[in-house]
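Peer 1: Here it is, the structure, as structure tokens.
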Amino acid sequence: KNEVEQSPQNLTAQEGEFITINCSYSVGISALHWLQQHPGGGIVSLFMLSSGKKKHGRLIATINIQEKHSSLHITASHPRDSAVYICAVFAGGTSYGKLTFGQGTILTVHP
Amino acid sequence: DGGITQSPKYLFRKEGQNVTLSCEQNLNHDAMYWYRQDPGQGLRLIYYSQIVNDFQKGDIAEGYSVSREKKESFPLTVTSAQKNPTAFYLCASSPFRDANQPQHFGDGTRLSIL
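Sequences listed follow chains D and V, in order.
Under this note's numbering, the first residue of the first sequence carries the number 40, and numbering increases by one thereafter.
Under this note's numbering, the first residue of the second sequence carries the number 203, and numbering increases by one thereafter.
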């Protein structure tokens, strides 16, 4: 079993829909990252969370430390949101910033 | 603008040949990382470096080598010992080893075997 599991693996939506991507992890963490990978391959950091909730534009990320679960929400989805969304965790207790990554969720938003 | 530059974007290698992937950053970051991405799998850490002239193996270092002679540069060499080198390679950096800071990523290099 992977330490970081994302669901769903693939997600198709119509423009305007509310989208939720989930991330569950099995280890104690000190930080969780949400990343966006564009079709060309480049990766952008969206959020870094250690507790609670963060919002940036139409994106909202939440984390529940006790339940070892995080969600990424996209409100009023748009075709330009089509990308791979990756969850990554930092377990701490190491001497370097090693992240453990989920396998990614492929999001396709149709006009 | 500051960022990470990876080159080339696409790279082809013949069997038995070593190839070097370039990664340069102008963010003044201390830590740099190399990841490998395969279809349907999460990114896996190959090597990382926290400071100049120091680097450590990640989870899948076999068949790879790195150097960190300058703060800005962290090239990755894929050697002939790497039996399955076809993959997408991503370089990243962060201000220090603290993963409570976001990592910045390059646009990647896609390596294929001829």
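Each residue gets a CB set at the ideal place from its N, CA and C atoms; glycine is no exception.
This structure is a prediction, so every number in the text was calculated from the model and none was measured.
Along the segment 225-240 of chain V, where does the CB come closer than 9 Å to a CB of chain D? Name the residues.
Peer 2: Within the segment 225-240 of chain V, the residues whose Cβ lies closer than 9 Å to some Cβ of chain D are 233, 235, 237 and 239, listed in chain order.
Peer 1: Quick one: grab the DSSP three-state call for residue 119 of chain D.
Peer 2: If DSSP states are grouped into helix, strand and coil, residue 119 of chain D belongs with the helices.
Peer 1: Can you tell me whether residue 238 of chain V is buried or exposed? The criterion is at least 16 other CB atoms within 10 Å of its CB, across all chains shown.
Peer 2: Buried: at least 16 other Cβ atoms inside 10 Å.
Peer 1: Look up residue 259 of chain V in the DSSP assignment and give the residues it is bridged to.
Peer 2: Note: residue 259 of chain V sits in a beta bridge opposite V:249.
Peer 1: Can you tell me the Cβ-Cβ gap for residue 276 of chain V and residue 312 of chain V, rounded? I've got them flagged as a contact below 8 Å.
Peer 2: With a Cβ gap of about 18 Å, residue 276 of chain V and residue 312 of chain V do not count as contacting.
Peer 1: Ordered along the chain, which non-local residues of its own chain (more than five positions away) have a Cβ less than 6 Å from that of residue 149 of chain D?
Peer 2: Result list for residue 149 of chain D: 53, in chain order.
Peer 1: Return no unless some Cβ of chain D is closer than 8 Å to the Cβ of residue 317 of chain V.
Peer 2: Nothing in the structure corresponds to residue 317 of chain V, since chain V is present only between 203 and 316.
Peer 1: I'd like to know whether the C-beta of residue 84 of chain D is nearer than 8 Å to at least one C-beta of chain V.
Peer 2: It does: the Cβ of residue 84 of chain D has a partner Cβ on chain V nearer than 8 Å.
Peer 1: Quick one: which chain D residues come within Cβ less than 9 Å of residue 309 of chain V?
Peer 2: What residue 309 of chain V touches in chain D: 77, 79, 80, 81 and 82.
Peer 1: I'd like to know if residue 290 of chain V contacts chain D, where contact means its C-beta is closer than 8 Å to some C-beta of that chain.
Peer 2: At least one chain D Cβ lies under 8 Å of residue 290 of chain V.
Peer 1: For residue 84 of chain D versus residue 304 of chain V, is the C-beta distance shorter than 8 Å?
Peer 2: Taking 8 Å as the Cβ cut-off, residue 84 of chain D and residue 304 of chain V qualify as a contacting pair.
Peer 1: Under 8 Å, do residue 310 of chain V and residue 225 of chain V count as touching if we go by C-beta distance?
Peer 2: Result no, Cβ atoms of residue 310 of chain V and residue 225 of chain V do not sit closer than 8 Å.
Peer 1: Please report how far the alpha carbon of residue 140 of chain D lies from the alpha carbon of residue 92 of chain D, in whole angstroms.
Peer 2: Between residue 140 of chain D and residue 92 of chain D, the C-alpha separation is close to 20 Å.
Peer 1: Taking only the alpha-carbon atoms, compute the straight-line gap between residue 293 of chain V and residue 56 of chain D and give it to the nearest angstrom.
Peer 2: Between residue 293 of chain V and residue 56 of chain D, the C-alpha separation is close to 33 Å.
Peer 1: Distance, Cα to Cα, residue 218 of chain V vs residue 110 of chain D?
Peer 2: Their Cα atoms are separated by approximately 44 Å.
Peer 1: What ranges does the beta strand (DSSP E) occupy inside the segment 62-132 of chain D, keeping only unbroken runs of at least 3 residues that lie completely in it?
Peer 2: For the segment 62-132 of chain D, whole beta strand (DSSP E) runs of length 3 or above, ordered along the chain, are 70-76, 82-88, 91-95, 98-103, 108-113 and 122-129.
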